[in-house]
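Peer 1: Please read through the structure below; I'll follow up with questions.
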Amino acid sequence: MSRLLAACCALLLALPAHADGFISRLLDKPVPGGVAVIDLGDGPAAPRVRYQDKPVLTVREDGRRWIAIVGIPLSVKPGEQRIETDGRSLAFRVEPRHYREQRITLKNQRQVSPDPADLKRIERELAEQTDAYRRFDPRQPSNLLFDKPVAGPLSSPFGLRRFFNGEERNPHSGLDFAVPAGTPVKAPAAGRVTLVGDYFFNGRTVFVDHGQGLVSMFCHLSKVEVKVGDELPRGAVLGRVGATGRATGPHLHWNVSLNDARIDPTIFIGAFSK
Ligand SMILES: [Zn+2]
């Protein structure tokens, strides 16, 4: 009996306290494609945290407790997940979230079923972009509550299951804004430009590294106005909205990635609804 009690106590101690500050309340959306905020307790130095063997963003909340802000990939099933920190393993729960389906017709069949030469190009481009997502710059993000990169209505939501000409493809990894071509796109937080490309699917694209694995990608731009290595202050114009790559018309597609997990950008602009 006492052994059982001891085991229960150990289990309770292993469960992290629920973080309850402003950032936690805003960002804690533990669903596939969402964010889990986990209280790490006090301490002079930032704890080192890993999730799925990738480094995790940690910040000090309200000037006191450390919290881990963990991106949850869309492919994660609801249930228990764990982070590792300084020899401890902390559990958190992922809740279910329903994502809608969308059927899109593209006139250019090559953008639905790319030919072998295109596939080679796509593979190369994917590797380049994956590298940009996996960087871990130790700098703290300038702000965790992001500004919207363009002023305009949201169109296609994150996580939509998409069927192009009847064939299921990857779910929507970002958030679309319906805005006219030429609209300036602004950095939602300060950051360094780590990649600029002109890609098969994403068209003219800019990656901005906000620090500690928090990365933005802006796609389908008509014009890019920055170069790799530029340090952008919050609100800097990085390019113009367009329809380059696989796009049915001018719009901004914005990805937000955290510990190499593409997550719902509405969480960071305070517009999340389940
Ligand atoms: Zn999109």
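Read in order, the letters of the sequence shown correspond to residues -19 to -1, 1 to 255 in mature numbering (1 follows the signal peptide of the UniProt record, and there is no 0).
Glycine included, every Cβ here is placed at the ideal spot set by N, Cα and C.
Is Leu195 helix, strand or coil by DSSP?
Peer 2: Mapped onto the sequence shown, residue 195 falls at position 214. Residue state, collapsed to three classes: strand.
Peer 1: Going by other Cβ atoms of all chains shown within 10 Å of its Cβ, with 16 needed for buried, is Glu104 buried or exposed?
Peer 2: On the sequence shown, position 123 is the one that residue 104 refers to. By the neighbour-count rule (16 or more Cβ atoms within 10 Å), Glu104 is not buried but exposed.
Peer 1: In three-state terms, what does DSSP make of Glu65?
Peer 2: In the sequence shown, residue 65 corresponds to position 84, counting from 1. Reduced to three states, the DSSP call for Glu65 is strand.
Peer 1: Looking at the structure shown, is Leu(-7) part of a helix, part of a strand, or coil, going by DSSP?
Peer 2: The residue given as residue -7 occupies position 13 in the sequence shown. Any reading at Leu(-7) is ruled out, since the residue's pLDDT is 43, under 50, leaving its predicted position unreliable.
Peer 1: Which residue from Ile64, Gly140, Ser56 puts its Cα closest to that of Arg81?
Peer 2: Taking the sequence shown and counting its residues from 1, the one referred to as residue 81 is at position 100. Gly140 is the residue among Ile64, Gly140, Ser56 whose C-alpha sits nearest the C-alpha of Arg81.
Peer 1: Spatial neighbours of Lys204 within its chain, please: C-beta separation below 6 Å, excluding the five flanking residues on both sides.
Peer 2: As a first step, residue 204 is located in the sequence shown; it is residue number 223 there, counting from the start. Taken in chain order, the residues that qualify are Gly220, Arg221.
Peer 1: Classify Phe3: buried if its beta carbon has 16 or more other beta carbons within 10 angstroms, exposed otherwise.
Peer 2: Stepping through the sequence shown from its first residue, residue 3 is reached at position 22. An exposed status is given to Phe3, since fewer than 16 other beta-carbon atoms sit within 10 Å of its beta-carbon.
Peer 1: If we count the other Cβ atoms within 10 Å of its Cβ and call it buried at 16 or more, is Ala72 buried or exposed?
Peer 2: As a first step, residue 72 is located in the sequence shown; it is residue number 91 there, counting from the start. Classification of Ala72: exposed, given that the 10 Å Cβ count is below 16.
Peer 1: At the level of alpha carbons, what is the spacing between Arg227 and Asp23?
Peer 2: Start at 1 with the first residue of the sequence shown, and residue 227 comes out as number 246. Start at 1 with the first residue of the sequence shown, and residue 23 comes out as number 42. Near 47 Å, if we compare the C-alpha coordinates of Asp23 and Arg227.
Peer 1: Between which two residues does the alpha helix (DSSP H) harbouring residue 302 extend?
Peer 2: It is not possible to answer for residue 302, since the shown part of the chain is limited to -19 through 255.
Peer 1: Can the beta-carbon of Arg142 be found less than 9 Å from the beta-carbon of Gln83?
Peer 2: Here residue 142 is taken as the residue at index 161 of the sequence shown, counted from 1. Here residue 83 is taken as the residue at index 102 of the sequence shown, counted from 1. In this structure, Gln83 lies closer than 9 Å to Arg142 by Cβ.
Peer 1: Give me the Cβ distance between Asp128 and Gly216, rounded to the nearest whole Å; I'm assuming they're in contact under 8 Å.
Peer 2: Your numbering for residue 128 matches position 147 in the sequence shown. Your numbering for residue 216 matches position 235 in the sequence shown. Right, their Cβ atoms sit about 7 Å apart.
Peer 1: Let me know if Gln90 comes out buried or exposed under the rule of 16 or more other beta-carbons within 10 Å of its beta-carbon.
Peer 2: Translated into the one-based positions of the sequence shown, residue 90 becomes position 109. The residue in question, Gln90, is exposed, as its Cβ has fewer than 16 Cβ neighbours within 10 Å.
Peer 1: Tell me the residue span of the beta strand (DSSP E) that contains Leu141.
Peer 2: One-based indexing of the sequence shown puts residue 141 at position 160. Neither: Leu141 is in no beta strand (DSSP E) and is coded neither H nor E.
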